[in-house]
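Those protein sequence lines, which keep their order, are chains A and B.
Going by the working numbering, the first sequence opens with residue 5, and the numbers climb by one from there.
Going by the working numbering, the second sequence opens with residue 33, and the numbers climb by one from there.
Notes to accompany the following structure.
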Amino acid sequence: MEKLSESDLVQLSQSFLGAAHALSDFLFDEWDSLPPVVRARLNSMHTTLTMVSTDLITHAVGVSLDDTRTSLEQLISVTADAKQALGKIKSFKNTIKVATALIGLATAISTGDALHILAAANGLAGQLEAADSKA
Amino acid sequence: MDSDATKLDIIGYAVVQYSILPGYAPVPAYSAVELTMQMWHRGWLATGLVAATLCGCANFPEVRHFAAKSAEGAAFQRILDDYQGAPGRQERFVVPDDAAAADARAWLEHNAAERKEQVRRAKLLLTAVCEYMQTLGALAGDELVSADQELGGLIDASVDKKWLPEDQAGAAKSLVDIIADTALSKYRQRQLSKVIERANTPLQSVLQHLQTLDAQFEVSEKAAQEQMDGYYRFLEKSAARTEPVAALLARDRHAQEDDIGAARLDALATYTKTLQDIAAGHQKLFDHREHLDPAAVRASIADYARRIAKLVDQLKQSRTS
């Protein structure tokens, strides 16, 4: 037998809910004229109809969620690619930082000043490390 | 032994190699200085500025705002919590001694367990939309292209090295900044357009599914309210003759529960509108993905962002429990 579709399940759930509501209206409109045993029976039927409606809508939600799988996977994939693009932009910025540090080192080397060379080398090492970790 | 200039050439070459991105030719740091010098000396400054201006700016605050508000709207999870909690609420409203009570409890517990798993999956949908919107916002932001600081250091180094006359350094900084920003902008603009194009179909589908779920949650909420309504009416009628005070208390409590139930249904309707505006706003981005600059397009996106922000505020203020 073919499985019920999401819209079939929703429609059925709404029908059961409508029936429960109609039964409830009858019960409370006719309350005074009904014997207690009938009241209890009708109330019990109302509970059952509401439960069936609840159960059907839970099934409908399950079917809908099953249908979302492909779109969800595609959206996650696009987002991952977009993040990669952001990473490339960031690494381009890192490249500028590395380049600045490299030229700083080259400048320091040309001065022959040991302290400047050491500071510039440390700066370069830091930038390379940062670029690697962010790449 | 290599001269200093040769060393710098090698370093510059290495930087160029290091910095090339797939399908994209950036303005490498070292050659940017050379380029600036050449342009400056050959009087191409004006040409460079005009070219850079024509390339356009890729800062889209409206898109960023739209993405931020959409992410905030998609992150609203109370709707899911209400759906998950409905069987638990219904269980409270089974009349004592109801012949169907035992079956109803078993049914509701089974539904509660099933819904817990469903909500976990549904939250993935919200997270995916939220993550996408945050990434879209970051791509549309301007903080990534502010290369000014880094380039400032580069030019200073060139001035120190006597490659660039000190009095021309300021102008050179501006020009190199524009060149680098333009290169980054164009790359980012292309990425933004590509991402919007690829994301639109799955995003619209996910948003459509979320709206379908919302419609189902509404039926679920109405079923829970039907159970609650029957419970209080039963108590009121049963107590009316023998315990009038208890009947009044039940009526009062019934009215309170009715208000909360109405607020839940309102929140569902507001959330559906939020999803519709996110979908329509993104469709607008998709339709104009190659030309997001025109004022009319920006105004329209800003309008969607404002509407979503208003709906998100309403959702935050709703008292559904």
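No residue lacks a Cβ here, since even glycine has one placed at the ideal position from N, Cα and C.
- For A/Q18, at least one C-beta of chain B is nearer than 7 Å to its own C-beta.
- Annotation for B/T352: R110, D114, I292, A295, R296 and A299 place their beta carbon closer than 8 Å to its own, counting only its chain and skipping 5 residues before and after.
- Chain A has a Cβ within less than 7 Å of the Cβ of B/T167.
- Contacts with chain A at 7 Å (Cβ-Cβ) include B/E163.
- Per DSSP, the unbroken alpha helix (DSSP H) holding A/H50 starts and ends at P40 to D71.
- Counting only residues of its own chain and dropping the five nearest sequence neighbours on each side, B/G169 has a CB closer than 6 Å to the CB of R96, A99 and A100.
- Within chain B, the residues placing a beta-carbon under 9 Å from that of A/F32 are G262, R265, F266, E268 and K269, ordered along the chain.
- Taking a 10 Å sphere around the C-beta of B/H323, we find fewer than 16 other C-beta atoms and assign the residue as exposed.
- Out of B/K316, B/I333, B/A271 and B/I310, the CA that lies nearest to the CA of B/V344 is found in B/I310.
- Spatial neighbours of A/A23 in its own chain (CB-CB distance under 7 Å, excluding positions within 5 residues in sequence) are listed in chain order as L53.
- Pairing B/K226 with B/G173, the inter-Cα distance amounts to about 16 Å.
- Here B/S350 carries a coil assignment [DSSP, helix/strand/coil].
- Ranking B/R273, B/E253 and B/H320 by CA distance to the CA of A/W35 puts B/R273 first.
- In the DSSP annotation of this structure, the continuous segment of the alpha helix (DSSP H) that includes B/A311 starts and ends at P276 to D319.
- From the beta-carbon of B/R153, the residues of chain A found nearer than 7 Å are L69.
- The three-state secondary structure of B/P119, taken from DSSP, is helix.
- For the pair B/E163 and B/A103, the Cα-to-Cα distance works out to about 7 Å.
- The C-beta of B/Q257 comes no closer than 7 Å to any C-beta of chain A.
- DSSP places B/D261 in the helix class (H, G or I) of the three-state scheme.
- Inter-residue distance for B/G105 and B/L307 is about 8 Å (C-alpha atoms, whole angstroms).
- Taking a Cβ-Cβ cut-off of 7 Å, the neighbours of A/L79 in chain B comprise A160, Y164, A231, P234, L235 and V238, given in sequence order.
- Assigned with DSSP and collapsed to three states, B/A341 falls in helix.
- Proximity of B/H241 to chain A, defined by a Cβ-Cβ separation below 7 Å, is satisfied.
- Residue environment for B/V329: buried (at least 16 other C-beta atoms within 10 angstroms of its C-beta).
- Put simply, the CB of A/S9 is far from chain B, with every gap to its CB atoms at 7 Å or more.
- 7 Å or more divides the Cβ of B/A287 from the Cβ of B/R121.
- Against chain B, a Cβ distance below 8 Å from A/L122 picks out nothing, because the smallest value is about 17 Å.
- Beyond the five residues adjoining it in sequence on each side, B/A341 comes within less than 7 Å, by CB distance, of K101 in the same chain, given in chain order.
- Contact check between the stretch 278 to 285 of chain B and the stretch 41 to 57 of chain A: fewer than three CB pairs, one atom from each, fall below 8 Å, which does not count as touching.
- Selection B/E253, B/Q243 and B/M260 evaluated against A/S17 yields B/E253 as nearest (Cα-Cα).
- In the structure shown, the three-state DSSP call for A/L8 is coil.
- Contact annotation for A/N47 against chain B: V127, D130, G262 and F266 [CB-CB distance below 8 Å, chain order].
- Using a CB distance cut-off of 7 Å, A/A23 does not count as an interface residue toward chain B.
- DSSP, read as helix, strand or coil, puts B/H323 in coil.
- Here the stretch 260 to 275 of chain B does not lie against the stretch 62 to 74 of chain A, with fewer than 3 beta-carbon pairs under 8 Å apart.
- For A/V65, the chain B residues whose C-beta falls within less than 7 Å of its own C-beta are Q150, L245 and Q248, listed in chain order.
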